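S.K.: Counting from 1 along the sequence shown, just add 113 to a position and that's the residue number in our numbering.
All residues carry an ideal CB built from backbone N, CA and C; glycine is no exception.
The structure presented is a predicted model; accordingly, all values stated were derived computationally and were not measured.
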Amino acid sequence: PVSFLFITLVVVVAIVLYVGTHTEKVLAASKLYASDKPVESHEPVDDYSLAKKQSLGFFYDVRKDEWELLQKLVAEHEDHKYPEQPLTHNPIFDKRGMKYFNSNPAWWQTNYEPNFSCRFEKRIGGNGNGDGPKWICDPHRIAKLAKDRKAKDPKHPGCVIYSVGSNGDFSFELGMEQEVGPGVCEFHIFDMKNYTEKMLEQNIKRAYFHQWGLGTQDPNVDIPEPGKQFYGLKDTIKLLDHENLDMIDIFKIDCEKCEWSTFQDWFAPGIPSMQQVQVELHNAPKEAIPFFTFLEESGYVRFHKEPNIQFNDGSCIEYAFLKLDKEFFSLRKEMKQKKEN
């Protein structure tokens with residue numbers, strides 16, 4: 114019994130000593146960790162600031178992790194099926210004798226797919242089907258931005274839309290008004306023919322028709338003369354007294370090939386920033402690659418591509434572009450430099 118009691122006592126003492134020593138180590142470690150650990154803040158973290166900044170205020174509710182995924186998608190995107198020979202299938206340069214290998218549709222099929230995604234993009238105009246409607250990136254954001262601008266400056270037009278080449282079809286403008294609300298946007302519609310009466314029949318609020326076409330901007334013209342058949346975009350901005358306008362929300366253009374001779378004027382000094390560009394491109398001339406290069410250098414991503422196959426063989430392509438801050442493309446530039454090196 115004595116030996117049993119002695120052994121029991123030894124075991125108890127050993128346990129007490131072990132527990133005491135272990136507890137001291139845990140407490141010491143916890144104190145050390147607490148001293149090194151930064152003080153946690155209970156202030157809310159603005160996780161949307163990166164997207165808001167790099168989208169020029171357009172994406173005000175996209176989280177940082179989602180935005181960085183979009184940035185990565187753009188950075189990794191390849192513009193051409195054959196990067197070393199991007200003019201493969203282009204009928205001007207590729208002289209193979211089959212339309213599957215040297216035609217405008219073949220070239221468009223193998224180049225410049227969309228590299229960006231708008232979660233709530235919508236095809237606007239009529240019921241969204243057929244020729245005429247356009248893909249718009251998240252139109253609800255346009256309505257909110259217009260409201261915010263008006264709140265800051267009651268004289269601000271809110272939202273401004275340019276439609277170049279209507280051909281008497283106002284379904285897009287009517288659809289945009291229905292989407293964002295009557296009177297939210299100011300519409301400026303341009304065409305060579307006079308469709309004023311037809312436009313008025315649509316009863317679109319704040320819609321203005323201008324009977325002239327878009328031409329290449331003459332750099333020597335300071336004050337445009339009224340009554341001309343064509344005006345450059347900078348002349349148009351002056352004629353509409355939009356020189357101090359900060360943003361054209363949508364620039365929709367279908368001008369039967371004038372895009373190839375005017376695109377560098379769209380983003381020239383003195384032109385308001387264009388949030389979205391919806392353009393129909395006709396055929397695939399030698400200006401096609403410089404066109405896309407110039408738009409990316411100007412800060413645009415492609416969020417939609419759609420061939421015209423009802424009234425065309427696919428040689429005409431509808432593209433939708435969105436303006437972002439050039440900082441958004443920093444990862445893409447880094448990856449391109451690594452490939453080149």
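Nearest CA to the CA of residue 362: which residue from 272, 210, 241, 226?
M.R.: Checked all of 272, 210, 241, 226; the closest Cα to residue 362 is 272.
S.K.: Let's test the definition: count the other Cβ atoms within 10 Å of the Cβ of residue 345 and tell me whether it reaches 16, buried, or not, exposed.
M.R.: Under this definition residue 345 is a buried residue.
S.K.: Using the beta-carbon count (16 or more within 10 Å), is residue 393 buried or exposed?
M.R.: Burial call: buried.
S.K.: Which stretch, first to last residue, makes up the beta strand (DSSP E) that contains residue 248?
M.R.: Counting along the chain, the beta strand (DSSP E) containing residue 248 begins and ends at 247 to 249.
S.K.: Excluding five sequence neighbours on each side, which residues of the same chain lie with their C-beta closer than 6 Å to the C-beta of residue 311?
M.R.: 281.
S.K.: According to DSSP, simplified to helix, strand and coil, what is residue 305?
M.R.: Correct three-state label for residue 305: coil.
S.K.: So residue 366 is in the beta strand (DSSP E); what residue range does that whole segment cover?
M.R.: From DSSP, the beta strand (DSSP E) with residue 366 extends over 360 to 366.
S.K.: Expressed to the nearest angstrom, what Euclidean distance is found between the alpha-carbon atoms of residue 259 and residue 207?
M.R.: Going by the C-alpha atoms only, they are around 47 Å apart.
S.K.: Can the beta-carbon of residue 274 be found less than 9 Å from the beta-carbon of residue 365?
M.R.: Cβ atoms of residue 274 and residue 365: closer than 9 Å.
S.K.: Can you find a CB in chain D that lies within less than 9 Å of the CB of residue 176?
M.R.: No chain D is part of this structure, which consists of one protein chain only.
S.K.: In the DSSP assignment, find the unbroken alpha helix (DSSP H) run with residue 397 in it and report its ends.
M.R.: Run containing residue 397: none; DSSP gives neither H nor E here.
S.K.: Could I get the ranges of all uninterrupted beta strand (DSSP E) runs contained in the region 173 to 255, with 3 residues as the minimum, in chain order?
M.R.: Counting whole runs of 3 or more residues, the region 173 to 255 contains the beta strand (DSSP E) stretches 235 to 237, 247 to 249.
S.K.: Per DSSP, what kind of secondary structure is residue 438 in: helix, strand or coil?
M.R.: The answer is coil: DSSP assigns residue 438 none of H, G, I, E or B.
S.K.: Can you name, in chain order, every residue of its own chain whose Cβ lies under 8 Å from the Cβ of residue 261, other than the five neighbours on each side?
M.R.: If we look at residue 261 and ignore the five residues flanking it on each side, it has no Cβ neighbours.
S.K.: Considering only their Cβ atoms, is the gap separating residue 300 from residue 326 smaller than 9 Å?
M.R.: Their beta carbons are not under 9 Å apart, which means residue 326 does not touch residue 300 by this criterion.
S.K.: With respect to the alpha helix (DSSP H) encompassing residue 351, which residues constitute its N-terminal and C-terminal limits?
M.R.: Note, residue 351: alpha helix (DSSP H), 346 to 352.
S.K.: Who are the near neighbours of residue 147 in its chain, counting only those whose CB is closer than 7 Å to its CB and skipping five residues on each side?
M.R.: With a pLDDT of only 45 at residue 147, under the threshold of 50, the placement of this residue in the model should not be trusted; the figure read from the coordinates follows. So the list is empty, once near-sequence residues are dropped.
S.K.: Find the nearest neighbour of residue 407 within the set 434, 308, 396, judged by alpha-carbon distance.
M.R.: If we check each option's Cα against that of residue 407, 434 comes out closest.
S.K.: Provide the residue(s) that pair with residue 278 in DSSP beta bridges, ordered along the chain.
M.R.: Per DSSP, none; premise fails for residue 278.
S.K.: Taking the beta carbon of residue 287 as the centre, do at least 16 other beta carbons fall within 10 Å, making it buried, or is it exposed?
M.R.: The residue in question, residue 287, is buried, as its Cβ has 16 or more Cβ neighbours within 10 Å.
S.K.: Leaving out five residues before and five after residue 203 in sequence, what residues of the same chain have Cβ atoms less than 6 Å from its Cβ?
M.R.: Correct list, in chain order: 220, 397.
S.K.: In its own chain, which residues sit with a C-beta less than 6 Å from the C-beta of residue 231, not counting the 5 before and 5 after it?
M.R.: Excluding sequence neighbours, residue 231 sits near 250, 251, 416.
S.K.: Thinking C-beta only, is residue 215 closer than 9 Å to residue 209?
M.R.: Contact flag set, yes.
S.K.: Can you check whether the CB of residue 180 is closer than 9 Å to the CB of residue 163?
M.R.: Closer than 9 Å, so yes.
S.K.: Got a sec? Which residues, its chain only, sit under 7 Å from residue 270 by beta carbon, not counting five neighbours each side?
M.R.: For residue 270, where only same-chain residues beyond five positions count, the Cβ hits under 7 Å are 299.
S.K.: Write down the C-beta distance between residue 360 and residue 389 rounded to the nearest angstrom, noting that I regard them as a contact closer than 8 Å.
M.R.: Not really, about 10 Å apart at Cβ, beyond 8 Å.
S.K.: Compute the beta-carbon to beta-carbon distance between residue 381 and residue 341, rounded to the nearest angstrom, for a pair I have assumed lies under 8 Å.
M.R.: Contact flag wrong, Cβ pair sits at about 19 Å.
S.K.: Taking just the CA atoms, how far does residue 329 sit from residue 355?
M.R.: When rounded, the distance between both Cα atoms is 18 Å.
S.K.: Fully enclosed by the region 408 to 439, which alpha helix (DSSP H) runs are 4 residues long or longer?
M.R.: Correct list: empty.
S.K.: Let me check understanding here. Comparing Cα to Cα, which of 352, 438, 426, 440 lies closest to residue 222?
M.R.: Checked all of 352, 438, 426, 440; the closest Cα to residue 222 is 426.
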